[in-house]
Structures are given as C-alpha cells and as structure tokens.
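Numbering (my numbering), first residue to last: 251 to 633.
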Amino acid sequence: MLKKLWLTFSQALAVLLALYFITEVLRPEWVPELLQKPAHQIAQPEGVAGYRNAVDKAMPAVVNIFTSKRAMEVPKHPFFEDPEIRKFFGDELEEQLDPQEQIAGSGSGVIVNSDGLIVTNQHVVESADEIEVGLNDGRTAKAELVGTDPETDLAVLRIKMDDLPSLKFASEDNLRVGDVVLAMGNPFGVGQTVTMGIVSALGRNKVGINTFENFIQTDAAINPGNSGGALVDTAGNLLGINTAIYSRSGGSLGIGFAIPAKTVQGVLNQIVRTGTVTRGYIGVEQQNITEELAAAFDLPQKDGVIIAGIVKDGPADKAGLKVGDILLKLDDKKISDTTQMLNQIAGYVPGEKKSVELLRDGKKESLTIEIGLRPKPGDFIKR
Numbered sequence: 251m252l253k254k255l256w257l258t259f260s261q262a263l264a265v266l267l268a269l270y271f272i273t274e275v276l277r278p279e280w281v282p283e284l285l286q287k288p289a290h291q292i293a294q295p296e297g298v299a300g301y302r303n304a305v306d307k308a309m310p311a312v313v314n315i316f317t318s319k320r321a322m323e324v325p326k327h328p329f330f331e332d333p334e335i336r337k338f339f340g341d342e343l344e345e346q347l348d349p350q351e352q353i354a355g356s357g358s359g360v361i362v363n364s365d366g367l368i369v370t371n372q373h374v375v376e377s378a379d380e381i382e383v384g385l386n387d388g389r390t391a392k393a394e395l396v397g398t399d400p401e402t403d404l405a406v407l408r409i410k411m412d413d414l415p416s417l418k419f420a421s422e423d424n425l426r427v428g429d430v431v432l433a434m435g436n437p438f439g440v441g442q443t444v445t446m447g448i449v450s451a452l453g454r455n456k457v458g459i460n461t462f463e464n465f466i467q468t469d470a471a472i473n474p475g476n477s478g479g480a481l482v483d484t485a486g487n488l489l490g491i492n493t494a495i496y497s498r499s500g501g502s503l504g505i506g507f508a509i510p511a512k513t514v515q516g517v518l519n520q521i522v523r524t525g526t527v528t529r530g531y532i533g534v535e536q537q538n539i540t541e542e543l544a545a546a547f548d549l550p551q552k553d554g555v556i557i558a559g560i561v562k563d564g565p566a567d568k569a570g571l572k573v574g575d576i577l578l579k580l581d582d583k584k585i586s587d588t589t590q591m592l593n594q595i596a597g598y599v600p601g602e603k604k605s606v607e608l609l610r611d612g613k614k615e616s617l618t619i620e621i622g623l624r625p626k627p628g629d630f631i632k633r
C-alpha cells in the first residue's frame, strides 16, 4: 500500500515539474513573478530583510569628530635665531622642526536637533584646541564646544550649517533586555560603521567609568572611535551614547556600555540652558553595609548606607549628621546602596529641604537637610 502511494506521489511530482519546465520555456509570462526571480532578488517583508530603514534614518545624523591640540610649547633653540642659518634656510627649517606638533584624535557624535547641537563623549573632545565635524554626506564644519559634564562623560558641541539631519530620542520605558540595538560610529577611523547586537543589561552601575552610572549594556561591537556614537533601536531612534567597552585587548569583547537617552537629555538641556550641569549634594562620604561590616560593628541591619565621612560646614554637617550614622531614607524613599543614594541626591535642586531618616546608636532619628550645590570634580574635601 505504502509503495503504491509513494509511486503515485513520484509520478505526480514528475508531471508537475515537466509542466513547469514547458511553461517556463513556451509561456514564461504565465509563471508567477515570485518563481521567476532569483532568491537574492526577492523582496522580503518589512522588518525581516534587516534594519536598513533604521540605518537610513539614523546614520545621516551620526558624525565623525576630529580633534587636534598642540603639544606643550618648547622654547626655541638659539640655533633658529642665528642670522647665518636663517640666511640659508629662512623659516622653512624652523617649520620642519617645530616642537609644537599637532596631536590628533577622533571619535563620533550625534546631531540631536536641526540647530546643529551635537552630543558626544567628554573624553573625545577633552583639552582639544580645535574640533572639526565630518557629516555622513561629506560636508565638514568647525565645531564650538558648548559645555561638558565630566561626571557623566558627556559633551555638547554646536555647528552652523544648513539642512542638518537630526536623530530623535527614543523612549526607554519599553526597552527590555534582549531587544535588538544598532551601534553606529567611526571605529578606528575607518569610516561610518553599523554593528548589531542586543541589550545585555539595563541600569548597569558600579563599573567604575563615571561618577554617575546607569548604563545600557550591549553586545553590539563597540571599538575605539565609536565613543560618542549612537546606540539606536530598530526604528532608528536614539537610545543612548556609546561611551566605553570592557576589554583586555583594546578590541570589542561583546561588553559595551551606552549612556541612556534620559541621562543624555538631562545633561544636554542643562548645558544648553546654563553652560554647565547643576546637581544636588549633601557633603558625605558613604559606604555600603556589607555582612562583614554589619558583624564587625554589631549593626542590627544591612539596609541603608553608613556615613564614613562628612564635609566640614557642608549640608550634612549643618543638619547634624555624624560619622557612623546609618542613612535609611531620604525624602521618604528607601536608601538601598551608595549608587542609588548618590543618583537620588544629584537629582535634587540645591536649596530644597529634604527629610532624612537615620539609625544612630541603635535608635531611629529624623533630621531635615538643605540640599547644597555639588562641587566640581577635584574640589571635594572630606573630614
């Protein structure tokens, strides 16, 4: 029975193939268009063929950033002032031996509005004497440094040019681990490049890169030169600014970090408005409570953070906080660790008054603290 069925199927298939061959030769117009085209020419449904639409939308707004700075000035040698030497060589020899050589650097950036505002990493433009921006369409322009924020490693530039493309910020509310993302930039100076990966983690902190950390971690290849470039979603909207990689070799190992769009927008708005970034500050050195620390000091709990140092005459000092206090809540929000506490305080406006719940000598107490202005990096003094 099975043999008979198989024979019938084989004969039917042979007949169909013969009919297709005859039709293809004698009446090709009868053959559906899909069957006539080679596989590589068949148009794929939207979202299946790839991410070309996202790339076409985002890539024009991703720029190359070229920086230059002069090396430390070295006093001229008397050799250059000798009239006999200058008579034969003039200024040509001095120019060839000029000790003030140009030191060049490169990175990436993202145009975020049609007025020419560009966001990049602070370390890309740090100490640069000149900044030049190269667009994807081949145009170039000198850039003005609007401001920087070293504690998030962000910088804002401005160029003056007509018909500028720009990239819209994406909403992070729906971003999840596993979502597909694209990294765009100029790795190793080879030119605009796109790599693909997924979101590996969200809210990554304690990496030790910046003071304020809340990174999007991705396995999309990010290499030197990608710094300041765009991390975009599959709709071509800006999710974050690529800033760093974890690597033992200098190349991509599949662990890259991007500063999320929400942080970028906050820093951008403040820099454009005031030229700097203002953050809240209470003037303490805080430390996480580990199991060992809780056991050593006979602490009744591991929640909160312990105050390890206080800035003299700072907000915490004036409010009556002491070394050894355990901070439990700030503005009625539970304190989980030092990173969460630092980010929470930074979001407050200087001059605001906030309630503090703490544990001192085994007893809970409440204080009110007036938020101060966070000093610039390097200006901190602890007691």
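The beta carbon of each residue, even a glycine, is placed where N, CA and C say it ideally should be.
Quantities reported herein were computed from a predicted structural model and do not represent experimental measurements.
Asked, Found
"Residue nearest to Ala-470 in terms of C-alpha spacing, selected from Pro-437, Gly-441, Val-482 and Leu-432", "Leu-432"
"Residues bridged to Glu-535 [DSSP beta-bridge criterion]", "Gly-559"
"Check whether Gly-359 and Gly-478 have beta carbons under 8 Å apart", "yes"
"Helix, strand or coil at Phe-507 according to DSSP, with G and I counted as helix", "strand"
"Nearest-angstrom Cα separation, counted from Gly-554 out to Gln-537", "9 Å"
"Cβ-heavy atom distance, Asn-487 to the ligand ATP, below 7 Å", "Of the ligands one can find in the structure shown there are none, so the ligand ATP has no counterpart to examine."
"Runs of beta strand (DSSP E) wholly within the stretch 439–497 (minimum 3 residues, chain order)", "443–454, 465–468, 480–482 and 488–495"
"Beta-carbon spacing of Asp-567, Gly-533 below 8 Å", "yes"
"Residue span of the beta strand (DSSP E) that contains Leu-407, given as start and end", "404–408"
"One or two residues paired with Asn-314 in a DSSP bridge", "Ser-358 and Gly-384"
"Where the alpha helix (DSSP H) containing Val-374 begins and where it ends", "372–375"
"Contact set for Arg-646: own chain, Cβ-Cβ below 6 Å, skip 5 residues either direction", "There is simply no residue 646 to check, as the chain begins at 251 and stops at 633 in what is shown."
"Rounded straight-line distance, which links the Cα of Ala-405 to that of Phe-330", "Interpretation of Phe-330 is limited by its pLDDT of 49, a score under 50 that renders its predicted location unreliable; the figure taken from the coordinates is listed afterwards. One C-alpha to the other measures close to 41 Å."
"The stretch 516–525 / the stretch 539–550 touching (three or more Cβ pairs under 8 Å)", "no"
"Rounded distance between the beta-carbons of Leu-592 and Val-606, thought under 8 Å", "So it is not a contact: roughly 15 Å between Cβ atoms."
"Through-space distance from Asn-303 to Ile-539, alpha-carbon basis", "49 Å"
"Pick from Gly-490, Glu-602, Met-411 and Gly-559 that is closest to Asp-403, judged by C-alpha positions", "Gly-490"
"The alpha helix (DSSP H) enclosing Glu-401, as first and last residue numbers", "Note, Glu-401: premise wrong, no alpha helix (DSSP H); not H, not E."
"Assigned exposure category for Glu-602 - 16 Cβ within 10 Å defines buried", "exposed"
"Which residues DSSP lists as bridging Gly-530, in chain order", "Leu-623"
"Bridge partner(s) assigned by DSSP for Gly-435", "Thr-443"
"Enclosing beta strand (DSSP E) for Leu-577 [first to last residue]", "576–580"
"Spatially closest choice to His-373 from Arg-454, Thr-468 and Pro-474, by CA coordinates", "Pro-474"
"Delimiting residues of the beta strand (DSSP E) encompassing Thr-390", "390–392"
"Exposure label - Thr-258; buried when at least 16 CB within 10 Å", "exposed"
"Per DSSP, the bridge partner or partners of Arg-610", "Lys-613"
"For Ala-354, the nearest candidate out of Asn-460, Glu-382 and Ala-420 (CA to CA)", "Glu-382"
"Close-in-space but distant-in-sequence residues of the same chain around Phe-339 (CB under 6 Å, 5 per side omitted)", "Bear in mind that a pLDDT of 45 at Phe-339, under 50, signals an unreliable position, so the number given afterwards is only what the model happens to contain. Answer for Phe-339: no residue qualifies."
"Residues bridged to Ile-585 (per DSSP)", "Paired residues: none, contrary to the question."
"Length of the line joining the Cα atoms of Ile-509 and Asn-492", "6 Å"
"Sequence-distant residues of the same chain with beta carbon closer than 7 Å to Leu-414, five excluded per side", "Ile-361, Ser-364 and Gly-366"
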